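*Asks:*
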Amino acid sequence: MLEIKNLHVKLQEEEKVILKGVNLHVGAGQVHAIMGPNGSGKSTLSYVLSGREGYEVTAGSATLLGQDLLALDPEERAAAGLFLAFQYPVEIPGVGNMVFLRTALNAQRKARNEPEVSAGEFLKLVREKAKTLKIDAEMLKRPVNVGFSGGEKKRNEILQMAVLEPRMCVLDETDSGLDVDAMKLVADGVNALRDAGRSFLVITHYQRLLDHIAPDVVHIMADGRIIRTGGPDLALEVEKNGYADLLAGVL
Amino acid sequence: MQSARADAAARLADMGLPGRRDEYWRWTNPAPFMAEAVPEAGAFRADTPIFADMPKVRLVFTDGVFDAAASDDPRLAGVEIARLADAPQWAGAFYGSLEASGQAPVRRPFAALNTARASDGVMLRVTGRAARPVHISYRQSSDTSEAILHHCVKLEEGAELTLLETGTAAARANLVLEVDVGAGARFHHIRPQGRSHGHRVYSAIFARISAGALFKSFTLSMNGRLTRNEAMIEIVGDNALAHIAGAALGDGADGDFHHDDTVFITHGAEGGESRQVFKKVLRHGATGIFQGKILVQPGAQKTDGYQISQALMLDDLCQFLAKPELEIYADDVKCSHGSTTGAIDETALFYLRSRGVPREEAVSLLVLSFLADAIAEIDDEAIAAEILARLQDWLARHRG
Ligand SMILES: Nc1ncnc2c1ncn2[C@@H]1O[C@H](COP(=O)(O)OP(=O)(O)OP(=O)(O)O)[C@@H](O)[C@H]1O
Ligand SMILES: [Mg+2]
Numbered sequence: 090m091l092e093i094k095n096l097h098v099k100l101q102e103e104e105k106v107i108l109k110g111v112n113l114h115v116g117a118g119q120v121h122a123i124m125g126p127n128g129s130g131k132s133t134l135s136y137v138l139s140g141r142e143g144y145e146v147t148a149g150s151a152t153l154l155g156q157d158l159l160a161l162d163p164e165e166r167a168a169a170g171l172f173l174a175f176q177y178p179v180e181i182p183g184v185g186n187m188v189f190l191r192t193a194l195n196a197q198r199k200a201r202n203e204p205e206v207s208a209g210e211f212l213k214l215v216r217e218k219a220k221t222l223k224i225d226a227e228m229l230k231r232p233v234n235v236g237f238s239g240g241e242k243k244r245n246e247i248l249q250m251a252v253l254e255p256r257m258c259v260l261d262e263t264d265s266g267l268d269v270d271a272m273k274l275v276a277d278g279v280n281a282l283r284d285a286g287r288s289f290l291v292i293t294h295y296q297r298l299l300d301h302i303a304p305d306v307v308h309i310m311a312d313g314r315i316i317r318t319g320g321p322d323l324a325l326e327v328e329k330n331g332y333a334d335l336l337a338g339v340l
Numbered sequence: 009m010q011s012a013r014a015d016a017a018a019r020l021a022d023m024g025l026p027g028r029r030d031e032y033w034r035w036t037n038p039a040p041f042m043a044e045a046v047p048e049a050g051a052f053r054a055d056t057p058i059f060a061d062m063p064k065v066r067l068v069f070t071d072g073v074f075d076a077a078a079s080d081d082p083r084l085a086g087v088e089i090a091r092l093a094d095a096p097q098w099a100g101a102f103y104g105s106l107e108a109s110g111q112a113p114v115r116r117p118f119a120a121l122n123t124a125r126a127s128d129g130v131m132l133r134v135t136g137r138a139a140r141p142v143h144i145s146y147r148q149s150s151d152t153s154e155a156i157l158h159h160c161v162k163l164e165e166g167a168e169l170t171l172l173e174t175g176t177a178a179a180r181a182n183l184v185l186e187v188d189v190g191a192g193a194r195f196h197h198i199r200p201q202g203r204s205h206g207h208r209v210y211s212a213i214f215a216r217i218s219a220g221a222l223f224k225s226f227t228l229s230m231n232g233r234l235t236r237n238e239a240m241i242e243i244v245g246d247n248a249l250a251h252i253a254g255a256a257l258g259d260g261a262d263g264d265f266h267h268d269d270t271v272f273i274t275h276g277a278e279g280g281e282s283r284q285v286f287k288k289v290l291r292h293g294a295t296g297i298f299q300g301k302i303l304v305q306p307g308a309q310k311t312d313g314y315q316i317s318q319a320l321m322l323d324d325l326c327q328f329l330a331k332p333e334l335e336i337y338a339d340d341v342k343c344s345h346g347s348t349t350g351a352i353d354e355t356a357l358f359y360l361r362s363r364g365v366p367r368e369e370a371v372s373l374l375v376l377s378f379l380a381d382a383i384a385e386i387d388d389e390a391i392a393a394e395i396l397a398r399l400q401d402w403l404a405r406h407r408g
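Top to bottom, those sequences are chains A and B. What the first sequence shows, in this note's numbering, is residues 90 to 340, in sequence order. What the second sequence shows, in this note's numbering, is residues 9 to 408, in sequence order.
1) Of all Cβ atoms in chain A, is any one closer than 8 Å to the Cβ of B:R367?
2) Give me the Cα-Cα distance between B:D71 and B:L357, rounded to the nearest whole angstrom.
3) So is B:S11 buried or exposed if we call it buried at 16+ other beta carbons inside 10 Å?
4) Report whether the distance from the Cβ of A:D264 to the nearest heavy atom of ligand 2 is below 7 Å.
5) Applying the 10 Å Cβ sphere with the 16-neighbour rule, what's the burial state of B:Y337?
6) Counting only Cβ-Cβ distances shorter than 9 Å, please list the residues of the region 161 to 181 of chain A near chain B, keeping chain order.
7) Can we say the region 83 to 97 of chain B touches the region 120 to 135 of chain B, given the rule of at least three CB pairs closer than 8 Å?
8) Answer with buried or exposed for A:L290, where buried requires no fewer than 16 other C-beta atoms within 10 angstroms of its C-beta.
9) Within 8 Å of any Cβ in chain A, is that where the Cβ of B:E385 sits?
10) Check for me: the beta strand (DSSP E) holding B:S225 runs from which residue to which?
11) Should A:Q71 be counted as a contact of ligand 1 given a C-beta to heavy atom distance under 7 Å?
12) Distance check for A:L282 and A:A251, CA to CA, integer angstroms please.
13) Please decide whether B:S204 counts as near chain A, where near means a Cβ-Cβ distance under 8 Å.
14) How about B:P117 and B:P47: are their beta carbons less than 8 Å apart?
15) Got a sec: which bits of the region 236 to 255 of chain A sit with their beta carbon under 8 Å from any beta carbon on chain B, in order along the chain?
16) Less than 8 Å between CB atoms is the rule here; does B:R398 satisfy it with respect to chain A?
17) Grouping DSSP H, G and I as helix and E and B as strand, with all else coil, what is B:T56?
18) Using the Cβ count rule (16 or more neighbours within 10 Å means buried), how would you classify B:A16?
19) What did DSSP end up calling A:H294 once you bin it into helix, strand or coil?
20) For A:A193, which residues in chain B fall below 8 Å Cβ to Cβ?
21) Should A:G230 be counted as a contact of ligand 1 given a C-beta to heavy atom distance under 7 Å?
22) Which bits of chain A does B:A356 rub up against, with CB to CB less than 7 Å?
23) Reducing DSSP to helix, strand and coil, say where B:A255 ends up.
24) Given A:E180, which residues of its chain have a CB within under 7 Å of its CB, disregarding the five upstream and five downstream residues?
25) Please classify A:H114 as buried or exposed, where buried requires at least 16 neighbouring CB atoms within 10 angstroms.
26) Please check if any C-beta of chain B sits within less than 8 Å of the C-beta of A:V184.
27) Could you name the residues of the same chain whose beta carbon sits closer than 6 Å to that of A:M257, not counting the 5 residues immediately before and after it, in chain order?
28) Let me know if A:E142 comes out buried or exposed under the rule of 16 or more other beta-carbons within 10 Å of its beta-carbon.
29) Any idea what DSSP makes of A:D312, helix, strand or coil?
30) Show which residues of chain A have a CB atom less than 7 Å away from the CB atom of B:L376.
31) Under three-state DSSP, which class holds B:P117?
32) In the DSSP assignment, find the unbroken alpha helix (DSSP H) run with A:R283 in it and report its ends.
33) Pull out every residue of the region 113 to 140 of chain A whose Cβ sits closer than 7 Å to any Cβ of chain B, in chain order.
34) Cβ closer than 7 Å: which chain B residues qualify as neighbours of A:A196?
35) Tell me, please, which residues DSSP counts as bridged to B:S344.
36) Given that B:L322 touches chain A, what residues does it touch there, using C-beta distances under 9 Å?
Below, the structure written as structure tokens:
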């Protein structure tokens with residue numbers, strides 16, 4: 090599904106190198122988790138994959154289903170099946186959630202030469218998905234993320250993911266700021282989307298989310314590299330001992 | 009009426025026409041409004057009428073002349089409708105009175121000129137709740153036409169009216185609207201100004217608002233080489249409300265775009281609420297001006313005055329100049345003002361694009377987001393929807 094090879098990234102405006110040769114292969118239907126200390130480059134990886142400006146890829150490649158992601162605009166990457174649940178979802182005053190989401194869905198469908206979804210079909214689709222995520226219909230009428238609590242914003246990200254049905258979902262700390270019940274809802278939302286044709290890359294600091302979303306593979310990222318890859322046990326090890334031992338072994 | 013015109017001519021002779029040295033004309037050159045020959049301006053031909061399917065009484069002015077054949081039967085329960093030429097008695101006494109009192113403390117020479125020379129206009133006396141809006145619809149047919157129109161609206165106690173004012177009146181227009189909102193009356197004014205690129209318009213609204221009354225005016229300006237929209241609003245009765253809002257979108261690539269909002273709100277009574285919400289979207293060398301003042305007179309306690317002016321620059325070739333002013337002579341008031349200039353928020357743009365919305369469409373959404381507070385000043389949902397559609401149409405035609 091997602092193939093990242095030797096990815097090197099620096100900031101465009103500064104000489105600061107952030108990713109120093111990332112290699113990652115996420116197979117179809119798999120869930121991979123990335124853990125790692127603050128500032129190790131996890132969010133940067135997610136931004137570079139989704140095409141945010143301000144970064145320069147100096148070496149390496151990233152492909153989604155064989156397509157060169159790095160050659161595409163952000164909207165083309167979305168249409169190709171990539172989705173990023175933001176660590177900090179953005180507020181957009183004056184633009185209704187529904188208008189935004191329908192514009193996004195139809196833009197993607199148009200890019201893929203699929204027929205647009207009618208207002209009626211769309212409403213039905215969103216209501217159904219919102220219900221399982223316990224998102225209030227009133228909330229959907231409000232502008233995008235405006236006045237939403239931290240947890241509501243994260244749930245809204247998962248709602249967008251559920252409606253857009255991407256192939257490759259990148260979740261950047263979707264669990265941070267969530268209470269126990271909300272985390273369960275988000276995890277259920279993710280699990281409901283798991284299938285053989287869809288993969289996940291879950292960035293998190295805590296084992297707790299991984300109790301609910303059982304990962305196939307766990308990676309540890311430090312200083313712009315993946316320094317260790319293992320099974321679910323690796324997350325437990327981090328939870329118990331922190332990163333000190335792992336880092337000591339490499340740096 | 010004749011004496012009102014003569015008085016105005018005398019006022020004008022006394023104050024003279026404005027020059028660049030005048031405090032409120034430093035940023036907008038008044039010369040094109042005075043030039044002997046009307047500068048040429050092509051009409052916007054591909055026009056689709058706005059508010060087409062809305063029930064209303066439409067009064068059409070073509071190149072500044074009332075066009076009875078194109079207009080609706082001017083009859084509406086609770087509203088007396090007349091032309092300036094056949095002004096009824098009340099209008100004879102009212103005509104020019106608010107313009108005259110609105111000449112202090114800042115002079116408005118073009119408004120005095122208008123009162124002295126207006127060739128036509130609509131006189132509305134509202135005695136009840138109008139079931140439909142009155143729609144003044146301007147059409148421009150000649151590339152060198154000139155229009156000087158003067159409208160008067162008098163709402164008696166408890167009356168209600170929505171006034172729609174649409175289109176380009178002429179290649180060069182001077183439009184004055186005097187509105188007296190009686191106690192407890194409600195007046196809504198929605199004005200999508202013409203879309204022709206070359207037209208030049210000076211407009212002035214003079215409003216007097218009595219106790220417990222409501223005045224709301226919203227202007228949409230898209231295109232226009234030179235626009236100066238002035239508003240002089242005076243709250244004279246307690247617990248009255250005055251809201252004035254504007255959304256302007258200008259693309260210098262269509263020709264020059266210079267858009268100036270100059271507003272003066274006077275709180276002369278207690279418990280008044282005023283809001284000024286002005287937003288400008290500028291690209292390709294467009295210029296936006298905002299000069300807004302809130303004056304709170306002695307004794308106007310519990311005044312709530314708010315003013316915001318903001319520009320969104322779609323490139324860095326544009327210019328926005330703002331002069332917010334507060335002058336307060338009462339101690340128990342709440343007044344605030346703010347002015348900002350900014351570009352499209354890159355983080356929000358990326359967020360939208362990451363969801364699959366193409367760049368240009370995402371920019372349009374963010375422009376609408378920027379304008380939302382101004383559009384929210386329109387109370388009527390159907391009217392707001394038409395304004396929104398017009399905005400979307402402009403944005404679709406001005407991509408890239
Ligand atoms: N646009 C930027 N400008 C300056 N520094 C940046 C920028 N983007 C990332 N960095 C720096 O790159 C490093 C990696 O940041 P990143 O946000 O990817 O870390 P992270 O692993 O997601 O951390 P956290 O766990 O705290 O979310 C940090 O030192 C950060 O300060
Ligand atoms: Mg991060």
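No residue lacks a Cβ here, since even glycine has one placed at the ideal position from N, Cα and C. Fair warning: this is a prediction, and the values are worked out from it, not measured in the lab.
*Replies:* Let me spell this out:
1) The residue given as residue 367 of chain B occupies position 359 in the second sequence. With 8 Å as the cut-off, B:R367 counts as an interface residue toward chain A.
2) Taking the first residue of the second sequence as 1, we reach residue 71 of chain B at position 63. Taking the first residue of the second sequence as 1, we reach residue 357 of chain B at position 349. Roughly 43 Å separates the two Cα atoms.
3) By one-based count along the second sequence, residue 11 of chain B stands at place 3. With a 10 Å radius around the Cβ and a threshold of 16 neighbouring Cβ atoms, B:S11 comes out exposed.
4) Your numbering for residue 264 of chain A matches position 175 in the first sequence. At a threshold of 7 Å, A:D264 does not count as near ligand 2, since its beta carbon sits no closer than that to any of the ligand's heavy atoms.
5) By one-based count along the second sequence, residue 337 of chain B stands at place 329. Classification for B:Y337: exposed.
6) So the list reads D162, P163, E164, E165, R166, A167, A168, L171, F172, L173, F175, Y177, P178, V179, E180, I181, given in the order they occur along the chain.
7) Here the region 83 to 97 of chain B lies against the region 120 to 135 of chain B, with 3 or more beta-carbon pairs under 8 Å apart.
8) The residue you call residue 290 of chain A lines up with position 201 of the first sequence. Under this definition A:L290 is a buried residue.
9) Reading the second sequence from its first residue, position 377 is the one you call residue 385 of chain B. So no, B:E385 is outside the interface.
10) In the second sequence, the residue the question calls residue 225 of chain B occupies position 217. Per DSSP, B:S225 is one residue of the beta strand (DSSP E) stretching across 222 to 230.
11) Limits of chain A in this structure are 90 at one end and 340 at the other, which puts residue 71 of chain A out of reach.
12) Within the first sequence, the letter at position 162 stands for residue 251 of chain A. Within the first sequence, the letter at position 193 stands for residue 282 of chain A. When rounded, the distance between both Cα atoms is 7 Å.
13) Taking the first residue of the second sequence as 1, we reach residue 204 of chain B at position 196. At least 8 Å separates the CB of B:S204 from every CB of chain A.
14) Here residue 117 of chain B refers to the residue found at position 109 of the second sequence. Here residue 47 of chain B refers to the residue found at position 39 of the second sequence. With a cutoff of 8 Å on beta-carbon distance, B:P117 and B:P47 are scored as not near each other.
15) Among the residues of the region 236 to 255 of chain A, those with a Cβ less than 8 Å away from any Cβ of chain B are Q249, L253, in the order of the chain.
16) Reading the second sequence from its first residue, position 390 is the one you call residue 398 of chain B. Not one chain A Cβ lies under 8 Å of B:R398.
17) Here residue 56 of chain B refers to the residue found at position 48 when the second sequence is read from its first residue. Looking at B:T56 - three-state DSSP - the assignment turns out to be coil, as it is neither helix nor strand.
18) What you label residue 16 of chain B is simply residue 8 of the second sequence in a count that begins at 1. Residue environment for B:A16: buried (at least 16 other C-beta atoms within 10 angstroms of its C-beta).
19) Counting from one through the first sequence, the residue named residue 294 of chain A turns up at place 205. A:H294: coil per DSSP, three-state reduction.
20) Stepping through the first sequence from its first residue, residue 193 of chain A is reached at position 104. Ordered by position in chain B, the residues that pass the 8 Å Cβ test against A:A193 are L360, R363, G364, V365.
21) Working through the first sequence from its first residue, we reach residue 230 of chain A at position 141. Before going on, a small fix: residue 230 of chain A reads as Lys here, not Gly. Judged by the Cβ position, A:K230 fails to qualify as a neighbour of ligand 1 at the 7 Å threshold, every heavy atom of the ligand being at least this far.
22) Reading the second sequence from its first residue, position 348 is the one you call residue 356 of chain B. Under the 7 Å cutoff, chain A gives V179, I181.
23) Sequence index remark: in the second sequence, residue 255 of chain B carries index 247 (1-based). Strand at B:A255.
24) Indexing the first sequence from 1 puts residue 180 of chain A at position 91. Within its own chain, the residues whose Cβ lies closer than 7 Å to the Cβ of A:E180, once the five positions on either side in sequence are excluded, are V233, N234, V235, listed in chain order.
25) What you label residue 114 of chain A is simply residue 25 of the first sequence in a count that begins at 1. Burial is judged here by how many other beta carbons sit within 10 angstroms of a residue's own beta carbon; A:H114 has fewer than 16 and is exposed.
26) The count along the first sequence starts at 1 and reaches residue 184 of chain A at position 95. Yes, its Cβ sits closer than 8 Å to a Cβ of chain B.
27) Working through the first sequence from its first residue, we reach residue 257 of chain A at position 168. Contacts found: M90, L91, L153, G170, L171, S288.
28) Within the first sequence, numbered from 1, the residue matching residue 142 of chain A stands at position 53. A:E142 comes out exposed.
29) As a working note, residue 312 of chain A is residue 223 in the first sequence. In the displayed model, A:D312 falls within coil according to three-state DSSP, outside both helix and strand.
30) The residue labelled residue 376 of chain B in the question sits at position 368 within the second sequence. G183, V184, listed in chain order.
31) Residue numbering aside, residue 117 of chain B sits at position 109 when the second sequence is read from its first letter. When DSSP states are grouped into helix, strand and coil, B:P117 belongs to the helix group.
32) On the first sequence, position 194 is the one that residue 283 of chain A refers to. Per DSSP, A:R283 belongs to no alpha helix (DSSP H) and is neither H nor E.
33) So the list reads S139, given in the order they occur along the chain.
34) Taking the first residue of the first sequence as position 1, residue 196 of chain A is located at position 107. Here the neighbours are G364, V365, P366, E369.
35) By 1-based counting over the second sequence, the position of residue 344 of chain B is 336. According to DSSP, B:S344 bridges with B:Y314.
36) For the purposes of this step, residue 322 of chain B is taken as residue 314 along the second sequence, with counting starting at 1. Below the 9 Å Cβ cutoff, chain A contributes no neighbours of B:L322, its closest Cβ being approximately 17 Å away.
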